[in-house]
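So in the working numbering, the last spot in the sequence shown is 1879, and the numbers never skip.
First the structure, in the form of structure tokens, and then the observations on it.
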Amino acid sequence: MVSPESSSMFSDSTLAPFKTWHTLSADQTLQILDTDSETGLTSEQVIGRQQQYGLNELKEVPGRSTLEILWDQFTNIMLVMLIAVAIVSAVIDFRKGNFPKDAVAIFSIVILNGMLGYFQESRAEQALAALKRMSSPRVRVVRDGKMQELAAKELVPGDIMFLEAGVQIPTDGRLVEAQNLQVREAALTGEAEAVIKKPSMELTEDAPLGDRLNMVFMGTEVIQGRGQVIVTNTGMTTELGRIAEMIQGVETEPTPLQQRMTQLGNVLVSGSLALVALIVVGGVIKTGSFHSLEDLLEVSLSMAVAVVPEGLPAVVTVTLAIGTQRMVKRHALIRKLPAVETLGSVTTICSDKTGTLTQNKMVVQSVQTFDQVFQVTGEGYDPVGELQLITSEQNNTISSDSEVLERILTACVLCNDAQLQQDDNKWHILGDPTEGALLSLAGKVGLFRDIHNHKNPRLAEIPFSSERKRMSVICQLQDHENPECVMFTKGSPELILAQCTSVLVGNQNVLLAEADRQIILEQNNAMAGKGLRVLGFATRPLTILPPEGEEESAEQELVWLGLVGMLDAPRPEVREAVKLCREAGIRPVMITGDHQLTAKVIAQDLGIAELDSLSLTGQELQKLTQTELEQKVEDVSVYARVSPEHKLRIVQALQKNGEFVAMTGDGVNDAPALKQADIGIAMGITGTDVSKEASDMILLDDNFATIVAATEEGRVVYSNIRRFIKYILGSNIGEVLVIAASPILGLGGVPLTPLQILWMNLVTDGLPALALAMEPAEPAVMQRPPYNPRESIFARGLGLYMVRIGIVFAILTIVLMVWAYNYTQGTPNPERWKTMVFTTLCLAQMGHALAVRSDTQLTIQMNPKTNPYLWGAVALTTVLQLLLIYFPPLRNFFGTHFLSFTELSICLGFSALMFIWIEMEKVVYKWFINRR
């Protein structure tokens, strides 16, 4: 604690960053901030503090400009190489007096890919803008002894601010006084229910944010009551400002897919440059002069264009976009395209509790009288279900004809200010969720508030307050032969029990002995131990109505009725989703602002945690160093009562241990952790704008099960990306080897021009590759652990496959090339051999596309209806390739030659050998596996 005498240690420069105001009394806070609760700050003090602390607003760190984002696209190593190729190609064409159509085509591809990357990255970061919208534009303060209204940004530490219902609190402050002040802090702390503020409290320094009942915070909302507050922190020194700093301090790491594409580009460009150098140097050494340098450069240019998969960025983007459409159908909205694939790499899902794992609806689970326990069935607020009497022998459905049960249910209806309504066949609550749960409970046996209020009008009310922790109503019961007044009381079981002198057992009032009190307290503790929120109920008949203003005096000599325990019930589909997570090698973790006991009960019920699983509270976590936390995170399944920096630390500790983390959240307090996580997942229904803007994905139904469905789609997308990468690059390697073989074998000229290679890479490879992106999920996609998110793009045999198929591709085409060259020499059109090579390479890819769908199943064994797009793409591409040969305008533009039916048939025959080879590999693989 800080005493008034020590206030001199706080100079003006330390007022705003000081974070332990909750440890001080209101008087100490006033003294430290040199202000007065009656007159506020003077004009001179305001001017000085405004100069020192600035405006009460969140400041933004400038990000990359539009030009910087655009420039970054053209520093991609593959695009840089293509630009160099285009320049050299243009120079050669100009020297020969030809139009540089190859250079124009290459530059078009470079610009297209650059713009594609720009549009992906140019989405501005809006998380801070959303935070800024959470401050109230106007606020009432007292300055120079006068009440005035001013813009919230003009507040300074020491201002005396006034709050009332409906106000959005514009800054952090220490309460001076409060009258039934209730503040909704869910966006900041994760607590679902409004918090009742208590100005008189002085707390320990390590009190969690959600327990600082003597403070109010920027961005929260006053639900009820009014209060007077000393402004303690403004702008970036508020709790909301600290979150803004954390958001801006989180550096965005490239996704696994982006890292793999960068690695792929580096390998391809390095390999390409090495081959170019080998061809040029080898050619110069072989000829002994530089006279053939131009021809060697033409070969090198063709090889460089062949190596770079120009269509790959577009195919990857379209594949991710297709994945986003699939996910939308499963209620997951992807904000950033690379996140589609990233989901498939997730190893840990950190989920909030309220609304994601649970229904965000308080539901009564059990009712306990002195000698009976009733179990309640039914879900949500629907007044449908049963109350079953639990005994040691049997379960019997009980109606409300039990005297004690009838009294409790009547109290649930009458001692209640909420409303249960039905719209479009859906039941919902207007008012407090806890009171709504009581109305739903009574509705299960046909007791509804509208009917009861009409029959039993309320004569007086003693409202709930944080000091009393109970609510009482006095009603006139019309159902009895002799109309009488009855008081019903609900609230804290311990406090209500203290006002009771008897207990209702059956239909008789029995004197409440000390042993009976202990039994009731044990019943209360047992229910609380199950994570239930427990309310106590009591009643008292009144012969006369207490005088106005003295109703509270009647709250004594009460008759104890029993206990009602309620829970924010788990979503029924989440248990199966958690089970699927574990089967898929993904560990679910609960991170919540709720109480530890409640969190553990829910986690155990859903299968997230075992009975002996470790849990940590925010206070316990605060005492751990980051190294100690990193050692514990693998064993902890539940984190309770956590603050924003705790969530961020947990995610960072998991990532340090090599975990790939998905983090869910809906509040402002979740934003830094959402941004830090590999996949940030915001709630679409209850989520704040801040959390949505900081996320990669939004759950449209706020359901944990949707995350699991989206993870499955992410795995499918990654599998399909690998599938078409090996399809595209296998052919590219074959093209490079064929081009390189031509001068080595002494054949005349380059078999493929850069323009023809671009056609192959964009159309012949691109269309089937897009169709391969439509492959459905493999049967056991969620019955295996996630692949290492840091694995190479060439991992698990993909690199070996591409090299092997590329070599086979090249050998088949080189054999055809040599035969075709010799066959066409001495004929009127000796250049036809180049078109035969071009056609064979393109058509062989069609067989490759059909065979690459599966590593183990033969194409004939696979149902063609599962991916009709591929068959359509193969047919369309084949027709387009034939048009390049037989349609004169295209033939002239692409520099191809007319082929006879025999020559085309030979090309088709050699192309089919590629398909046969891959299918034979599958047969040999199956035979080898069976032998083992």
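The C-beta atom is built at its ideal place from N, Cα and C for all residues, glycine as well.
Predicted, not measured: the structure shown is a model, and the values here were computed from it.
Less than 7 Å separates the beta-carbon of residue 1505 from that of residue 1446. Taken atom to atom, the span from the alpha-carbon of residue 1127 to that of residue 1421 is near 21 Å. Spatial neighbours of residue 1284 in its own chain (CB-CB distance under 8 Å, excluding positions within 5 residues in sequence) are listed in chain order as 1067, 1264, 1267, 1268, 1271. Using a C-beta cut-off of 8 Å, the segment 1707-1716 makes contact with the segment 1819-1828, since at least three inter-stretch Cβ pairs fall below that distance. Of the candidates 1026, 1044, 1287, 1623, 1623 places its Cα closest to the Cα of residue 1610. For residue 1528, the enclosing alpha helix (DSSP H) has its first and last residue at 1521-1530.
The alpha carbon of residue 1474 has as its nearest neighbour, out of 1511, 1462, 1491, 1439, the alpha carbon of 1511. Residue pairing from DSSP places residue 1322 in a beta bridge opposite 1313, 1335. Using a 10 angstroms sphere on the CB of residue 1871, the tally of other CB atoms stays under 16, which defines it as exposed. Non-local C-beta neighbours of residue 1724 in its own chain, meaning closer than 6 Å and more than five positions away in sequence, comprise 1663, ordered along the chain.
Taking a contact to require three or more Cβ pairs closer than 8 Å, the segment 1702-1709 and the segment 1632-1643 do not qualify as touching. The continuous stretches of alpha helix (DSSP H) do not include residue 1411, and DSSP gives it neither H nor E. Going by C-alpha positions, residue 1336 is about 15 Å away from residue 1311. Using a Cβ distance threshold of 7 Å, residue 1273 and residue 1520 do not count as a contacting pair. Within the segment 1439-1476, the runs of alpha helix (DSSP H) at least 4 residues long that lie entirely inside it are, in chain order, 1440-1445, 1461-1475. Following the DSSP letters along the chain, one finds residue 1485 inside the beta strand (DSSP E) bounded by residues 1480-1489. A residue is called buried when at least 16 other Cβ atoms come within 10 angstroms of its Cβ; residue 1433 meets this threshold and is buried. Assignment of residue 1159 by DSSP, reduced to helix, strand and coil, places it in the coil class. Below 8 Å, too few C-beta pairs join the segment 1541-1554 and the segment 1158-1168 to call them touching: fewer than three.
Bounds of the alpha helix (DSSP H) holding residue 1402 are 1396-1402. Separation of residue 1002 and residue 1632 (C-alpha to C-alpha, rounded to the nearest whole angstrom) is 33 Å.
Residue 1132 has its alpha-carbon roughly 17 Å from the corresponding atom of residue 1565.
Looking at the DSSP output, residue 1375 shares a beta bridge with 1368.
Taking the Cβ atoms as the reference, residue 1106 lies roughly 12 Å from residue 977, outside the contact range of under 8 Å. Taking a contact to require three or more Cβ pairs closer than 8 Å, the segment 1449-1458 and the segment 1369-1382 do not qualify as touching. In the three-state reduction of the DSSP assignment, residue 1090 falls in the strand class, which pools E and B. In chain order, 1670, 1719, 1722, 1806, 1809, 1814, 1817 place their CB closer than 8 Å to the CB of residue 1800, counting only its own chain and leaving out the 5 sequence neighbours on each side.
By the neighbour-count criterion, in which a residue is buried when 16 or more other Cβ atoms sit within 10 angstroms of its Cβ, residue 1691 is exposed. Given a length threshold of 4 residues, each whole run of the alpha helix (DSSP H) inside the segment 1636-1673 is given here in chain order: 1636-1640. A residue is called buried once 16 or more other Cβ atoms fall within 10 Å of its Cβ, and residue 1570, having fewer, is exposed. Around the CB of residue 1095, fewer than 16 other CB atoms lie within 10 Å, so the residue is classed as exposed.
In this structure, 1252 is the residue among 1252, 1674, 1567, 1303 with its C-alpha nearest to the C-alpha of residue 1030. Contiguous beta strand (DSSP E) elements confined to the segment 1741-1826 do not occur, taking only those with 3 or more residues. If you look at residue 1109, you'll find it in the beta strand (DSSP E) that goes 1107-1111. DSSP links residue 1435 through a beta bridge to 1420, 1486.
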